[in-house]
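What follows is a set of notes on a single structure, which appears directly below.
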Amino acid sequence: MKRRMDVMLFLLLVMVQSAHAQNKRDQAVRADKKQLSKDDSWFYDDIESATAAAVKTKRPMMIVFR
Amino acid sequence: MKRLIDQFVCVRLVKANDLDLTRFQFDYDLTFAVFFANADGTIYGRYGTRSSVKDATREMTLAGLAKSMAAALTLHKRYPANKKFLAGKQPVEVKFKKPSDYPSLRGKIAKSLNYQGAVTKSCLHCHQVRDAERQIFRDAGKPIPDELLFPQPSPQVIGLSFDPRERATVSRVEQESVAARAGVRSGDRLLTLGGQAILSQADVQWVLHNTRSSAELRAVMQRGDRIVRPTIKLSEGWRRHSDISWRVTSWPLRRMVTGGLLFTPATKVQRHTAGVSDDSLALTVKHVGQYGPHAAAKRAGFKKGDLIVSYSGIRKAMSPSELLSYGVQNTKPGQRVEVTVVRNGKRLKLKLPMQK
């Protein structure tokens, strides 16, 4: 019985830690989107609009995967 | 940098869910990769490299990126007169045009990211494209080809290291290497390789990635105030010297052929204690996977600290990278491979299940 409780506690701890890490990463992605969306010099995850802007301005594209 | 950025239309892509694989071909293990391109899709160059698990940006600097950007702007000014010169930099033909075309990813990819919920879970990571490519071969019980197993080889495979603060300046030439035999010297600035303009180390890796198993690569380099033209001769199997163990995509390979074990080369002391010579296999188990198919080795009786001295009858020295590549090219899912380990001074024979 004690061993079963220990295993359950361990699994619960792993789940909580994993959910916490996941949550932090999700927050970071949302914050990053918010910040870049405010920056006029960057298109965020929109290759079509960026391509249209490059055609219009005759500038080269810098496409960053991050 | 701001002055340079303003001369580009900048776009940040954060997911591979609907990645156009006919256009964006790069090292999918990177956490930072850049394309310089014309609006018509013509690629001027690439930027971004990596060779370490822990430090993803060790070989990249803002100074180096700025120099690559400046070189891309020069190519753009000369475009389209230089279009023929850029031919080798363009994507190659691929069978699968979108990640969702791969059998192992079909029906599993969200079309857009769920920013309101678990956004990272809704994101397809770039490395999953390479995983899916390899999975086709593993599922069919076929060896994963060298080109897929050793993608975008580091220039170190031919004995070259580049200065990350520069565009493509050689910082070190390994003695007795292919590059050393070709006469390349530290301080040489690589201008073209295989007829392609080189904007960065990533461009060197693109050339190597698309080079056959045996080939001669002509380089044009600036050495001081003169131009030198060494020929780099690549012999059969050159690609296999690449280290793939740092790559995120080595994770599924470990599931397939080590049952979730993570190795590190044995120290001299460990070798001596176990009575294993320098030219024999000696890999220490650094980590034993605990869950699902990554716990297959655990279930088979492997323990952290075990010293692997024989794998499927192979006793010659192999690095962790070489063992992974040997495994996925010489075993099939369903097989059970005999592995000899040294534990507390005793030799044990264990059966390791090969998996999909």
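Protein chains in written order, with our numbering: chain A, 124 to 189; chain B, 9 to 364.
Ideal Cβ positions, reconstructed from N, Cα and C, are used throughout, including at glycine.
Residue nearest to Gly-195 (chain B) within the set B:His-217, B:Lys-364 and B:Leu-168 is B:Leu-168 (criterion: CA-CA distance). According to DSSP, His-295 (chain B) shares a beta bridge with B:Leu-270. Shown here for Gln-213 (chain B): same chain residues with a beta carbon closer than 6 Å to its own, the five before and five after excluded, namely Gln-160 in chain order. For the stretch 76–150 of chain B, the continuous alpha helix (DSSP H) assignments of 4+ residues that do not extend past its boundaries occur at 135–147, in sequence order.
Remark: C-beta atoms of Val-127 (chain B) and Arg-153 (chain A) approach each other more closely than 8 Å. DSSP, reduced to helix, strand and coil, places Gly-313 (chain B) outside both helices and strands of the structure shown, so it counts as coil. Out of B:Ile-316, B:Phe-34 and B:Cys-131, the CA that lies nearest to the CA of Ser-288 (chain B) is found in B:Ile-316. Those residues of the stretch 43–56 of chain B placed with their C-beta closer than 7 Å to a C-beta in chain A are Phe-43, Phe-44, Ala-45, Asn-46, Ala-47 and Tyr-52, ordered along the chain. In the three-state reduction of the DSSP assignment, Gly-53 (chain B) falls in the strand class, which pools E and B. The CB of Gln-145 (chain A) comes closer than 8 Å to the CB of Ala-126, Thr-128 and Lys-129 in chain B, given here in chain order. In the DSSP assignment, Phe-43 (chain B) forms a beta bridge with A:Ile-186 and B:Arg-54.
For Thr-180 (chain A), the enclosing alpha helix (DSSP H) has its first and last residue at 170–180. Ala-154 (chain A) has a beta carbon lying at 8 Å or more from every beta carbon in chain B. Between Ala-47 (chain B) and Leu-73 (chain B), the alpha-carbon positions lie close to 20 Å from each other. Excluding its 5 nearest sequence neighbours in each direction, Leu-332 (chain B) has C-beta neighbours in its own chain below 8 Å: Ile-252, Ser-253, Ser-258, Leu-261, Arg-262, Val-265 and Thr-266, listed in chain order.
When the five nearest sequence neighbours on each side are left out, the beta carbons in the same chain lying within less than 7 Å of the beta carbon of Phe-170 (chain B) are those of Pro-163, Ala-176, Thr-177, Val-178, Ser-179 and Gln-209, in order along the chain. Out of B:Gly-313, B:Tyr-319, B:Glu-346 and B:Val-192, the CA that lies nearest to the CA of Tyr-334 (chain B) is found in B:Tyr-319. The way I'd put it, the stretch 156–166 of chain A does touch the stretch 15–29 of chain B; three or more beta-carbon pairs between them come closer than 8 Å. Under the DSSP definition of a beta bridge, Ser-169 (chain B) partners with B:Arg-180.
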